[in-house]
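Novice: Numbering of the sequence shown is given in full-length UniProt numbering, commencing with residue 1 and proceeding in unit increments. Just passing along the structure, written as C-alpha cells.
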Amino acid sequence: MQGRSGTSSAASARQAATRPTGPPRAPETPQQPGTPEASGAPEPELGRIPILDVEPRVGGGRWPAKAVVGETFEISATVFREGHEMLGAEIVLRAPDGTVRPPVRMTDVAPGLDRLAAPATPTETGLWHFRVEAWGDPVAHWRHDAEIKVPRGQDVELMLAEGSLLYARAAEGLPAVHRQTFVRLAALLADGTVSPDERMEAARHPDVRDLEWRYPLRDLLTVSAWAPLVVHRERALIGSWYEFFPRSEGASYDPMGRRGPASGTFGTAMKRLPAIAEMGFDVVYLPPIHPIGRTFRKGPNNTLEAGPYDPGSPWAIGSEDGGHDAIHPDLGTLEDFGAFVSYAGDLGMEVALDLALQCSPDHPWVTEHPEWFTTRADGTIAYAENPPKKYQDIYPLNFDNDPEGIYREVLRVVRHWMDQGVRIFRVDNPHTKPVPFWERLLAEVARTDPDVLFLAEAFTRPAMMHTLAKIGFHQSYTYFTWKNSREELEDYFRELAGGAAAYMRPNVFVNTPDILNEYLVHGGRAAYEIRAVLAALLSPTWGVYSGYELIENVPVRPGSEEYRDSEKYQYRPRDWEDAEREGRSVAPLITRLNDFRRAHPALHGLRGLRFHHPDQPEIIAFSKTHGVGNDAAGGAAGMSVHTVGASGEAAPLSGFDDVVLAVVNLNPHQVREATVHLDLPALGLPGDRDDVAFDVVDELSGETYRWGRSNYVRLDPHVRPAHIFTLRRDES
Numbered sequence: 001m002q003g004r005s006g007t008s009s010a011a012s013a014r015q016a017a018t019r020p021t022g023p024p025r026a027p028e029t030p031q032q033p034g035t036p037e038a039s040g041a042p043e044p045e046l047g048r049i050p051i052l053d054v055e056p057r058v059g060g061g062r063w064p065a066k067a068v069v070g071e072t073f074e075i076s077a078t079v080f081r082e083g084h085e086m087l088g089a090e091i092v093l094r095a096p097d098g099t100v101r102p103p104v105r106m107t108d109v110a111p112g113l114d115r116l117a118a119p120a121t122p123t124e125t126g127l128w129h130f131r132v133e134a135w136g137d138p139v140a141h142w143r144h145d146a147e148i149k150v151p152r153g154q155d156v157e158l159m160l161a162e163g164s165l166l167y168a169r170a171a172e173g174l175p176a177v178h179r180q181t182f183v184r185l186a187a188l189l190a191d192g193t194v195s196p197d198e199r200m201e202a203a204r205h206p207d208v209r210d211l212e213w214r215y216p217l218r219d220l221l222t223v224s225a226w227a228p229l230v231v232h233r234e235r236a237l238i239g240s241w242y243e244f245f246p247r248s249e250g251a252s253y254d255p256m257g258r259r260g261p262a263s264g265t266f267g268t269a270m271k272r273l274p275a276i277a278e279m280g281f282d283v284v285y286l287p288p289i290h291p292i293g294r295t296f297r298k299g300p301n302n303t304l305e306a307g308p309y310d311p312g313s314p315w316a317i318g319s320e321d322g323g324h325d326a327i328h329p330d331l332g333t334l335e336d337f338g339a340f341v342s343y344a345g346d347l348g349m350e351v352a353l354d355l356a357l358q359c360s361p362d363h364p365w366v367t368e369h370p371e372w373f374t375t376r377a378d379g380t381i382a383y384a385e386n387p388p389k390k391y392q393d394i395y396p397l398n399f400d401n402d403p404e405g406i407y408r409e410v411l412r413v414v415r416h417w418m419d420q421g422v423r424i425f426r427v428d429n430p431h432t433k434p435v436p437f438w439e440r441l442l443a444e445v446a447r448t449d450p451d452v453l454f455l456a457e458a459f460t461r462p463a464m465m466h467t468l469a470k471i472g473f474h475q476s477y478t479y480f481t482w483k484n485s486r487e488e489l490e491d492y493f494r495e496l497a498g499g500a501a502a503y504m505r506p507n508v509f510v511n512t513p514d515i516l517n518e519y520l521v522h523g524g525r526a527a528y529e530i531r532a533v534l535a536a537l538l539s540p541t542w543g544v545y546s547g548y549e550l551i552e553n554v555p556v557r558p559g560s561e562e563y564r565d566s567e568k569y570q571y572r573p574r575d576w577e578d579a580e581r582e583g584r585s586v587a588p589l590i591t592r593l594n595d596f597r598r599a600h601p602a603l604h605g606l607r608g609l610r611f612h613h614p615d616q617p618e619i620i621a622f623s624k625t626h627g628v629g630n631d632a633a634g635g636a637a638g639m640s641v642h643t644v645g646a647s648g649e650a651a652p653l654s655g656f657d658d659v660v661l662a663v664v665n666l667n668p669h670q671v672r673e674a675t676v677h678l679d680l681p682a683l684g685l686p687g688d689r690d691d692v693a694f695d696v697v698d699e700l701s702g703e704t705y706r707w708g709r710s711n712y713v714r715l716d717p718h719v720r721p722a723h724i725f726t727l728r729r730d731e732s
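Given below as C-alpha cells:
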C-alpha cells in the first residue's frame, strides 16, 4: 500500500530479525460463537498498525457473517499507519478444522480513505473465522524512495546499500526454491562495479516483484481479532421455489352434486412433480399438511360459515386426527409422504415443509397443555386477532407460560419431519414468536444437522426481519412484491446486496397465497412476465405460488390482495395441459429463466448486483458479475470486447468470467424507449474510455447487438418486455 514517513530506509533495514517476516504463522485455536472473542467482545487494544472496522461483522461479531460454499465475498478493513510509511495487509481464513488457508493480499478499494479489501471463497460448510493482518513494508518503502532518488543521483550508493540489506533479510523468509533470487539481488545491489541503472533494473525484474508480493517482508505485524463466518450449503443462497397445495392436485367435484368434493392426495400430487421439475425448480414448498380443525372453520373466500365439505385453512392446525406431527388423513399416510419426498428427490428437487406454530381449537395441545396458551378474563383461550380482524380458528401459543415445554415439543416436531426427509422449513410468521426462542432452536438444529435450512416468512418491520436473519434464519421473505417502481427496486436491492448481504438472504416470491399485488391484477400477462424476469435475475433465490403460470389475477374484491376463490380455503384443481395448449401459460418463460439461472454463475450471487442509468424512469437496467474483475486490464475475460486504436485494429480486454446485463420495461401497458448509459467498470470494462465496443446477445430473442457506453433500447411489454444480455465470449 502507498505511504511514506520520515523514517529512513536505513533504519528499516537495520530492524532486528526478531520481527516477523514471510508468511503468517498458524493462528491460535479457533474461538466458537459464545466465547468472548466471537460474541461481541471489544476488539483487542489498538495495535502498532491500526486495523479498524473489519467487515463483514454481524452485531459486532456477536453473530457470524454468512456465506455458502463457493461463494466469493469481500472482507474489508480500514488500515493505516503514521506518516507515509508503506504498509501491506492480507486476509486469513481459518477453516472449521482449524487449518489456515493461504492468505490473500488486500488492495485499496477507496483511494485516500485507507479502505482495503480482498475476496474470500470458503470451500466447505461449517464455522469459519477470518482476520486481517497488517504490517509495515520496508521493501516497498525502499523501492519508492530509490525510484525517486537514484535516477536523480541522490544518495545513490547509500540507497542501494540499504536495499541490499533489506533483500538479504527478506531472503530469510523465502522458501528455499526462491531464496537465491533475493540473495543474488542483495549481492548485486551492493556491487559498486555495476552501474546504478543496471542494479535498479534488476530490482524491477518481474520475478523480484512477484516474490515481493507473495512473500512480503513484514515489520510491525499487527492482527485483528478473529471474526466468525458460518458457511452453509449452496441451497441457503441459491434456488428456485415452487409452492403448491397437494390437496388441490387431483381434487375433484361431482358435477351432478351427488357427493362433496374429494381432496387430492400425495399420490395425485406426485403427478404434478415432473412438470414442476421441467420448469427448473429446485424446491417444492408445501403449506401445512396436518389435520385441520373444525371449530370455527373458515369457508370459501374466508367466510365465517363453512359447509360440511369445505376443507378449511391448512394453517388451522390440529384435530382429533392429530397435530403438528400428523398428516391430514385425506392426503394419505406418513409412508405416502415419504414416497412424495423421495420422488421429488429423484427429480432433483427438495421438499420444504411449512412450520406454523399455531393451533386450531381442536389441536391435542389445547387439552393436553392448556398452559401453552393465553387464558382471558372470562376463562376462554385467546384466539388470534389483528383488530379489527379476528381469527377464531387459530389459537396462538404463549411462549412465556412454559417456554421449556414448548421448546422441547417444537424441537421434537422439527426432528420428526427431519427424520422423514425434510431438510428445509418455511417458518410461518416467526416475527410473532420470541427471537430468543428461534435463536436457541436454530442453533440446536444446526449443531447436529447443519444442512437443515429455515426460511423466515416475516413480512414485518425491518428491525425484526433483520434480527431474525442475524440470529440464524438462512433466508427471508422480502418486500419485493410491493416494490414496483424503478426507484423502489433500486433502493431496496441496493440494501439487500449491500451490508445486509452478510447475514440476510432474500427469497423473492412473485406472489403468495396471501399476496396478489395490484400490479399483477391490472398488468395482465406482461406484468407476470416482467415480475418473473425481475425476481429471477435480481435475487439468487426466487419463487412462485402455483397458478402464477396461468396468470391468475382476480382479487376477491377491488383493492384486495386476496385471491378470489382462494386456495387457502377450498380445493382449486387446475387444467395445466389445457392452459399450455391455448398458450395461456407463462411456464415457457419461467423454464427459460430457470435454465438461464443455472447456466450463469453471475446469477448465483447477490453482492455482484449493480444498477445502470436509463434516461427513462420506467426502464430499469442492472447487471450481475461473477469472478474478480481485472481492474488493470478493465475487461471481461474471454469476451468479444474491444477498443479500437489509431490503426483500426481491435484489441481484446479481460476481466470477469461471467456478466449478465438486464434491461426491463416496468410499464406493463405501454412501449418505453430509452438511452441506457452503462457503468462500464461494473461490467469489468474500462470506465475512462469512450471507444469501448462489445457484442451483447439477447438470451430471450437470440439477437446480437453491438453496444458501447450509451445504447438505445425500445421495449414493448406485449412483445418484448425485457432484454437479458450476455456479453459474447471470444470462441478463439
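Note that CB positions come from ideal geometry on N, CA and C, so glycine has one too.
According to DSSP, is I620 part of a helix, a strand, or is it coil?
Specialist: strand
Novice: Please classify N511: does DSSP put it in a helix, a strand, or coil?
Specialist: N511: coil per DSSP, three-state reduction.
Novice: Give the secondary structure of I381 by DSSP, where H, G and I count as helix, E and B as strand, and everything else as coil.
Specialist: The answer is strand: DSSP assigns I381 an E or B state.
Novice: Please specify which runs of the alpha helix (DSSP H), each continuous and at least 4 residues long, are wholly inside the segment 430 to 472, giving them in chain order.
Specialist: 435 to 448 and 462 to 470
Novice: To the nearest angstrom, how far is it from the Cα of M159 to the Cα of H677?
Specialist: Distance between the alpha carbons of M159 and H677: 50 Å.
Novice: Looking at the structure shown, is D325 part of a helix, part of a strand, or coil, going by DSSP?
Specialist: coil
Novice: Between V208 and T181, which are expected to be in contact by the criterion C-beta below 8 Å, what is the C-beta distance as a whole number of angstroms?
Specialist: 7 Å
Novice: Measuring only the C-alpha atoms, how far is E437 from E243?
Specialist: One point to set straight first is that residue 437 is Phe, not Glu, in the sequence displayed. About 27 Å.
Novice: Under 6 Å Cβ to Cβ from A636, same chain only, skipping five residues before and after it: list those, please.
Specialist: Residue confidence is low: A636 scores 35 on pLDDT, short of 50, so the model does not pin down where it sits. No coordinate-derived value is stated.
Novice: With DSSP as the reference, label G239 as helix, strand or coil.
Specialist: strand
Novice: Say whether the segment 521 to 538 touches the segment 718 to 726, bearing in mind that this needs 3 or more beta-carbon pairs closer than 8 Å, one atom from each stretch.
Specialist: Taking a contact to require three or more Cβ pairs closer than 8 Å, the segment 521 to 538 and the segment 718 to 726 qualify as touching.
Novice: Does the beta-carbon of Y309 have 16 or more other beta-carbons within 10 angstroms, so that it is buried, or is it exposed?
Specialist: Taking a 10 Å sphere around the C-beta of Y309, we find fewer than 16 other C-beta atoms and assign the residue as exposed.
Novice: Can you list, in chain order, the residues of its chain with a C-beta nearer than 7 Å to that of E549? Leave out the 5 residues immediately preceding and following it.
Specialist: S585, V586, A587 and I590
Novice: Which one of H612, F725 and V697 has the shortest CA to CA distance from E675?
Specialist: According to the sequence provided, residue 675 is Thr. The question's Glu does not apply to it. Considering only alpha carbons, the answer is H612.
Novice: With distances taken Cα to Cα, identify the nearest neighbour of R564 among S623, D514, G687 and M349.
Specialist: D514
Novice: Might you give, ordered along the chain, the residues of its own chain that have their beta carbon closer than 6 Å to the beta carbon of I551, omitting 5 neighbours on each side?
Specialist: Its chain contains R525 and Y528 as the residues whose beta carbon lies nearer than 6 Å to that of I551, once the 5 sequence neighbours on both sides are disregarded; these appear in chain order.
Novice: Give the range of the alpha helix (DSSP H) segment to which P403 is assigned.
Specialist: P403 to D419 is the span of the alpha helix (DSSP H), which, as asked, contains P403.
Novice: Can you list, in chain order, the residues of its chain whose CB lies under 6 Å from that of G22, leaving out five sequence neighbours each side?
Specialist: Confidence at G22 is low in this model, with a pLDDT of 45, below 50, so the placement of that residue should be treated as unreliable; the coordinate-derived value is given next. Excluding sequence neighbours, G22 sits near G173 and Y215.
Novice: By how many angstroms is the C-alpha of R115 removed from the C-alpha of A77?
Specialist: 6 Å
Novice: Can you tell me which of the three DSSP states F725 falls into?
Specialist: Looking at F725 - three-state DSSP - the assignment turns out to be strand.
Novice: Answer with buried or exposed for E71, where buried requires no fewer than 16 other C-beta atoms within 10 angstroms of its C-beta.
Specialist: By the neighbour-count rule (16 or more Cβ atoms within 10 Å), E71 is buried.
Novice: Near K483, which residues of its chain fall below 7 Å by C-beta distance, leaving aside the five closest residues on each side in sequence?
Specialist: Cβ neighbours of K483 within its own chain (closer than 7 Å, five residues either side excluded): L489 and Y492.
Novice: At which residue ranges does the segment 263 to 325 contain complete beta strand (DSSP E) runs of 3 or more residues, listed in the order of the chain?
Specialist: DSSP runs (the beta strand (DSSP E)) wholly in the segment 263 to 325: 283 to 286.
Novice: Taking just the CA atoms, how far does S195 sit from F73?
Specialist: 47 Å
Novice: I need the boundaries of the alpha helix (DSSP H) containing E350, first residue and last residue.
Specialist: E350 -> not in any alpha helix (DSSP H); beta strand (DSSP E) instead, spanning E350 to L355.
Novice: On the premise that R94 lies in contact with W128, defined as a C-beta separation below 8 Å, what is that separation, rounded to the nearest angstrom?
Specialist: Correct: roughly 6 Å between the Cβ atoms.
Novice: For D197 and P151, what's the separation of their Cα atoms in angstroms?
Specialist: Using only the alpha carbons, I get a separation of about 8 Å.
Novice: Please classify V544: does DSSP put it in a helix, a strand, or coil?
Specialist: V544 carries a strand assignment under DSSP once its states are collapsed to helix, strand and coil.
Novice: Which of the three DSSP states, helix, strand or coil, is assigned to T591?
Specialist: helix
Novice: Would V351 pass as a contact of V284 if the rule is Cβ separation under 9 Å?
Specialist: yes
Novice: Looking at R218 and G133, is the spacing between their C-beta atoms short of 9 Å?
Specialist: Per the sequence shown, the amino acid found at residue 133 is Glu instead of Gly. Yes, Cβ-Cβ distance for E133 and R218 is below 9 Å.
Novice: State the DSSP-derived secondary structure class of K389, mapped to helix, strand or coil.
Specialist: Reduced to three states, the DSSP call for K389 is strand.
Novice: CB-CB under 6 Å to E649, same chain, minus the five flanking residues each way: which ones, in chain order?
Specialist: Here the model assigns E649 a pLDDT of 33, short of 50, so the residue's position is not dependable, and the following value carries that caveat. Closer than 6 Å at the Cβ level, and outside the excluded window around E649, lies no residue.
Novice: Name, in chain order, the residues that DSSP records as bridge partners for F373.
Specialist: DSSP output for F373 lists no bridge partner at all.
Novice: Report all residues from its chain with a CB closer than 7 Å to the CB of I406; omit the five preceding and five following residues, and keep chain order.
Specialist: Cβ within range, chain order: W372, L397 and F399.
Novice: Residues in its own chain within less than 7 Å of F80 by CB, not counting five upstream and five downstream?
Specialist: P50 and D114
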